[in-house]
Amino acid sequence: MVDIKRIQEEGYDVIVIVGEVDASSSIELDNAISDAVKSGKKKLLVDCTSLEYISSAGLGVFMSYIEEFKRNDINLVIFGLNDKVANVFEILGLDQLLKIEGTKEEAKALLG
Amino acid sequence: MLSKKAIIRLTTLLAIITWMVLVFGDLSIVFSTTHNLKPGIGREVPPIMLSLFILSLFVFYKYRIEKAESINFVDLLWKVFVTGLITTIVSLFFRLFLNLLGSTKLAENVMFLDFIYLSNLGLISAFLISTFIVWKRLILYQKSKFLLTAWQIFEYSLLFSLLYNVLPIPAVQNLEEYYSALLVLMGIFLSANMKWVAYLNFKQKWKSILLIALAMFYLGYFTFTLFNLADDIGESTTQFTDFRNNVFILALIAFIFIYALFSLLVILFNLPTSSVFEQKLEEVVNFQRLSQSIQTEQNEERVYDILLESAVSTVFADAGWIEIIRPGENNQFYTHGISVKEIQNIKQHISDNNVRGILDQSSDKTINLNKYLSTLKGSRFRSILAFPIYVKNQQLGTLALLKDVSDGFNKEMTKIIDTFTNQAGISIENFRLLSEALENERYKEELKIAKRVQSSLLPKELDHDGDYDLVAFSEAADEVGGDYYDTYRVSRSKIALIISDVSGKGTSAAFHMSQMKGIFHSFAQLDLSPKDFLEKANKALSQCLDKASFITTSYFVINSETKTVEFARAGHCPTLFYDTQLKKGTYFQNKGLGLGILRNGEFGNYIQTNAFQYKTGDIVVLYTDGVTEAKNFQGEEFGYERLQKFIERVSDLSVQEIQQKLINELYEFTGTKSIDDDYTTLIIKFN
Numbered sequence: 001m002v003d004i005k006r007i008q009e010e011g012y013d014v015i016v017i018v019g020e021v022d023a024s025s026s027i028e029l030d031n032a033i034s035d036a037v038k039s040g041k042k043k044l045l046v047d048c049t050s051l052e053y054i055s056s057a058g059l060g061v062f063m064s065y066i067e068e069f070k071r072n073d074i075n076l077v078i079f080g081l082n083d084k085v086a087n088v089f090e091i092l093g094l095d096q097l098l099k100i101e102g103t104k105e106e107a108k109a110l111l112g
Numbered sequence: 001m002l003s004k005k006a007i008i009r010l011t012t013l014l015a016i017i018t019w020m021v022l023v024f025g026d027l028s029i030v031f032s033t034t035h036n037l038k039p040g041i042g043r044e045v046p047p048i049m050l051s052l053f054i055l056s057l058f059v060f061y062k063y064r065i066e067k068a069e070s071i072n073f074v075d076l077l078w079k080v081f082v083t084g085l086i087t088t089i090v091s092l093f094f095r096l097f098l099n100l101l102g103s104t105k106l107a108e109n110v111m112f113l114d115f116i117y118l119s120n121l122g123l124i125s126a127f128l129i130s131t132f133i134v135w136k137r138l139i140l141y142q143k144s145k146f147l148l149t150a151w152q153i154f155e156y157s158l159l160f161s162l163l164y165n166v167l168p169i170p171a172v173q174n175l176e177e178y179y180s181a182l183l184v185l186m187g188i189f190l191s192a193n194m195k196w197v198a199y200l201n202f203k204q205k206w207k208s209i210l211l212i213a214l215a216m217f218y219l220g221y222f223t224f225t226l227f228n229l230a231d232d233i234g235e236s237t238t239q240f241t242d243f244r245n246n247v248f249i250l251a252l253i254a255f256i257f258i259y260a261l262f263s264l265l266v267i268l269f270n271l272p273t274s275s276v277f278e279q280k281l282e283e284v285v286n287f288q289r290l291s292q293s294i295q296t297e298q299n300e301e302r303v304y305d306i307l308l309e310s311a312v313s314t315v316f317a318d319a320g321w322i323e324i325i326r327p328g329e330n331n332q333f334y335t336h337g338i339s340v341k342e343i344q345n346i347k348q349h350i351s352d353n354n355v356r357g358i359l360d361q362s363s364d365k366t367i368n369l370n371k372y373l374s375t376l377k378g379s380r381f382r383s384i385l386a387f388p389i390y391v392k393n394q395q396l397g398t399l400a401l402l403k404d405v406s407d408g409f410n411k412e413m414t415k416i417i418d419t420f421t422n423q424a425g426i427s428i429e430n431f432r433l434l435s436e437a438l439e440n441e442r443y444k445e446e447l448k449i450a451k452r453v454q455s456s457l458l459p460k461e462l463d464h465d466g467d468y469d470l471v472a473f474s475e476a477a478d479e480v481g482g483d484y485y486d487t488y489r490v491s492r493s494k495i496a497l498i499i500s501d502v503s504g505k506g507t508s509a510a511f512h513m514s515q516m517k518g519i520f521h522s523f524a525q526l527d528l529s530p531k532d533f534l535e536k537a538n539k540a541l542s543q544c545l546d547k548a549s550f551i552t553t554s555y556f557v558i559n560s561e562t563k564t565v566e567f568a569r570a571g572h573c574p575t576l577f578y579d580t581q582l583k584k585g586t587y588f589q590n591k592g593l594g595l596g597i598l599r600n601g602e603f604g605n606y607i608q609t610n611a612f613q614y615k616t617g618d619i620v621v622l623y624t625d626g627v628t629e630a631k632n633f634q635g636e637e638f639g640y641e642r643l644q645k646f647i648e649r650v651s652d653l654s655v656q657e658i659q660q661k662l663i664n665e666l667y668e669f670t671g672t673k674s675i676d677d678d679y680t681t682l683i684i685k686f687n
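The listed protein sequences derive, respectively, from chains A and B.
Sequential numbering from 1 applies to the first sequence in the UniProt record's numbering.
Sequential numbering from 1 applies to the second sequence in the UniProt record's numbering.
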């Protein structure tokens with residue numbers, strides 16, 4: 001199960017993912033990112049500090065937005081991945097396409 | 001045993017023969033006595049023949065007339081009427097003939113009179129016995145054990161009287177009158193049973209009255225004719241078969257008359273109340289229809305239609321409607337005798353009067369809204385009854401019934417409608433459960449097909465060289481996954497090998513997997529480098545994968561001539577390599593990107609090719625993430641380290657043994673036979 005929240009902080013939106021993202025809960029993640037993109041915000045943070053597991057369907061959600069981020073000049077930074085989840089991103093090669101940082105501060109610094 | 005048909009034929013024949021012998025015997029006795037001759041036939045013959053004749057008719061009609069349960073009551077009475085009509089017409093024909101003769105010699109001939117008398121006796125016997133069987137069917141409708149016993153006693157007593165006529169037992173002879181009286185009393189007692197009358201509707205009651213009255217008329221006519229004829233013959237001789245001595249016929253006439261009279265009166269008195277019975281019966285039928293609608297109807301709309309129709313007809317409402325709540329949409333109305341505009345007016349009026357009740361769908365109370373309706377100007381309705389329809393404790397809608405008289409609904413009706421709405425709720429709930437089950441079944445069936453397709457896509461045999469051994473194992477989870485592996489011989493010493501994992505599950509995964517197989521078999525024969533292959537595969541898949549799907553792949557080219565392996569990784573799990581010299585397993589750390597993630601020319605920039613030389617005893621382990629992500633009870637993953645340690649431990653074994661050990665190790669680790677993801681492993685050991 002997953003719990004996804006969107007928090008507005010000054011200058012950017014934070015999407016907080018708590019729990020596990022599998023095939024069924026990936027839809028919620030998709031909705032959250034889609035809403036954030038539609039809201040017109042150019043700076044997005046994804047807080048994965050409490051993300052315990054992500055399936056290929058969850059990775060597919062991030063992947064499906066890569067083109068759109070590029071097209072609309074949206075800056076999305078993921079931070080707080082634990083080793084296991086980070087490894088999943090790395091194996092698939094998504095770390096080469098998405099901006100991934102260790103902490104929120106680093107992520108914010110990257111957003112500028 | 002004889003068949004029903006055979007018995008009917010046999011008894012017909014027997015009845016004809018016995019009647020003919022009766023006529024012949026009786027005539028010869030009458031002739032002898034009137035001419036003072038000694039009769040050539042014993043005087044006991046005609047009564048025996050009469051008894052046998054009656055018995056034959058009795059059996060004949062018993063098999064001829066169906067049980068009341070299987071036939072309409074009016075049809076039964078119709079049979080009585082028809083038999084009576086035919087016999088009466090024949091009898092009238094004789095009478096006409098007699099009248100035409102006037103006072104000729106023949107008309108006064110006792111022989112001729114006796115013949116006519118016996119013909120009439122035969123006819124009335126047929127009529128009496130057929131009617132008796134019909135009465136029996138009617139009386140025994142919805143019988144109890146007691147009633148059945150009483151009837152059997154009556155029937156056997158009647159039949160006994162036949163025997164008694166044949167064998168005049170002197171001691172009993174004197175009791176003849178008591179015996180007849182007893183039979184009549186029993187007849188009266190049994191005549192009190194007429195449950196069937198309650199099941200007749202108004203129209204059927206009228207028909208029954210008519211038919212019974214006619215049957216009584218026939219009976220009267222026959223009795224009168226017979227008595228007259230018997231009197232006429234009696235003036236000349238006493239030596240004929242006088243029915244007036246026959247207890248059976250007399251008792252039967254009495255019984256049939258009594259039951260006909262009782263029935264007539266009961267039906268007559270029941271006429272005014274028949275509408276109530278009809279209504280009750282309709283309630284039952286409606287209720288049944290409602291509960292059966294779930295099995296037969298194809299949609300919920302029909303259930304609502306039946307509910308409205310049944311409710312309106314059962315309480316004789318002038319109009320009614322069902323309002324179905326549809327969240328986010330306009331509510332749906334099913335109406336009877338009322339327009340939606342009128343409904344809105346009534347609802348508006350009732351809410352204007354601040355009636356918190358069923359119609360505003362906020363409360364579950366059923367209240368009488370009559371007094372509020374009476375103040376609504378321009379409406380033809382004066383009473384309203386409303387009930388909620390619930391499914392799983394959630395209100396689905398409202399049923400409202402209207403009448404143009406005030407206080408039109410009584411307590412009984414309220415109860416019935418309550419039952420109806422409950423039943424409709426259950427029907428709809430059942431209906432929904434059934435549809436869900438069907439949907440599930442269809443989904444499961446689809447998965448089964450997908451699973452079959454998927455397993456048929458995996459190669460039965462892997463092509464390989466004598467330079468190395470190769471085994472593969474794949475087990476799919478309950479849900480269809482998309483693991484794929486295959487080999488292709490590029491040249492004598494060159495083999496291309498692939499392992500893939502399609503993202504997602506279900507039919508789409510199986511579908512993408514088949515696309516991957518097509519891509520592999522078309523591009524592998526071009527003898528491409530691993531990087532070229534992956535670039536081409538990515539380009540091809542970009543056109544057909546949906547937005548959020550990707551495929552991870554590792555592609556190998558094994559050259560047994562140069563003993564090199566060249567490979568590249570497209571987002572697939574890193575390859576485990578066991579170096580037999582170092583006695584150590586390591587994962588190749590080259591970069592890669594899943595197929596379909598970047599759907600433009602830049603994809604190639606993210607792919608790194610790797611190569612190594614192999615020597616005897618080296619092992620390559622390929623796998624999908626199902627293996628490393630397999631979890632034990634504590635939620636711990638099997639992981640990369642465990643896999644690496646495993647291969648170091650079993651490196652001396654053959655590929656088959658290694659594979660078996662790995663499978664055992666995985667199941668032991670997870671502690672369960674059911675797996676969440678697909679396990680696929682491909683193990684290569686170089687010779």
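C-beta: ideal position from N, C-alpha, C; glycine also.
Limits of the alpha helix (DSSP H) - the one that residue i falls within
| i | result |
| --- | --- |
| B/V247 | V247 to N270 |
| B/D469 | Note, B/D469: premise wrong, no alpha helix (DSSP H); beta strand (DSSP E) at Y468 to E475. |
| B/H336 | Where B/H336 is concerned, there is no enclosing alpha helix (DSSP H), although the beta strand (DSSP E) it sits in stretches over Q332 to H336. |
| B/K584 | From DSSP, B/K584 is part of no alpha helix (DSSP H) but of the beta strand (DSSP E) over K584 to Y587. |
| B/N345 | V340 to D352 |
Extent of the continuous beta strand (DSSP E) run through residue i
| i | result |
| --- | --- |
| B/A570 | T564 to A570 |
| B/P574 | Where B/P574 is concerned, there is no enclosing beta strand (DSSP E), given that its DSSP letter is neither H nor E. |
| A/R6 | V2 to E9 |
| B/N538 | Element bounds for B/N538: not the beta strand (DSSP E) but the alpha helix (DSSP H), P530 to C544. |
| A/E52 | K43 to I54 |
| B/I322 | A319 to I324 |
| A/E101 | K99 to E101 |
| B/Y623 | I619 to Y623 |
| A/Y12 | Y12 to V21 |
| B/D501 | K494 to V502 |
Simplified DSSP state of residue i, which is helix, strand or coil
| i | result |
| --- | --- |
| B/S554 | strand |
| B/L167 | coil |
| B/N228 | helix |
| B/K392 | coil |
| residue 690 of chain B | The first residue shown for chain B is 1 and the last is 687, placing residue 690 of chain B beyond what the model contains. |
| B/A400 | strand |
| B/Y488 | strand |
| B/Y614 | coil |
| B/N410 | coil |
| B/D463 | coil |
| A/N82 | coil |
| B/K365 | For B/K365, the predicted structure reports a pLDDT of 44, less than 50, and the residue's modelled location is therefore unreliable. A value from the coordinates is still provided. Looking at B/K365 - three-state DSSP - the assignment turns out to be coil, as it is neither helix nor strand. |
| B/L682 | strand |
With 16 other Cβ atoms within 10 Å as the buried cut-off, status of residue i
| i | result |
| --- | --- |
| B/L226 | buried |
| B/T575 | buried |
| A/V46 | buried |
| B/G42 | exposed |
| B/P47 | buried |
Residue i CB to nearest heavy atom of the ligand GDP below 8 Å
| i | result |
| --- | --- |
| B/I324 | In the structure shown, the ligand GDP is absent, as is every other ligand, since no ligand is present at all. |
Cross-chain neighbours of residue i in chain E, by beta carbon under 9 Å
| i | result |
| --- | --- |
| B/Y606 | The structure shown contains no chain E; the protein chains it does contain are A and B. |
**Request:** Could you tell me which uninterrupted alpha helix (DSSP H) segments, each at least 4 residues in length, are contained entirely in the stretch 72–143 of chain B, listed from first to last along the chain?
**Result:** 73–101, 105–108 and 110–139
**Request:** Report the residues of the stretch 535–553 of chain B with a CB closer than 7 Å to any CB of chain A, ordered along the chain.
**Result:** K547, A548, S549, F550 and T552
**Request:** Give the residues from the stretch 571–588 of chain B that approach chain A closer than 9 Å (Cβ to any Cβ), ordered along the chain.
**Result:** G571, H572, C573 and P574
**Message:** Please identify, using Cβ separations under 8 Å, the residues of the stretch 50–62 of chain A that lie next to chain B, in order along the chain.
**Reply:** S56, A57, L59, G60 and V61
**Message:** Output needed in chain order: residues of the stretch 496–511 of chain B with a Cβ under 7 Å from some Cβ in chain A.
**Reply:** Answer in chain order: S503, G504 and K505.
**Asked** Which of the residues in the stretch 4–33 of chain A, read from start to end, lie with their CB under 9 Å from any CB of chain B?
**Response** A23, S26 and D30
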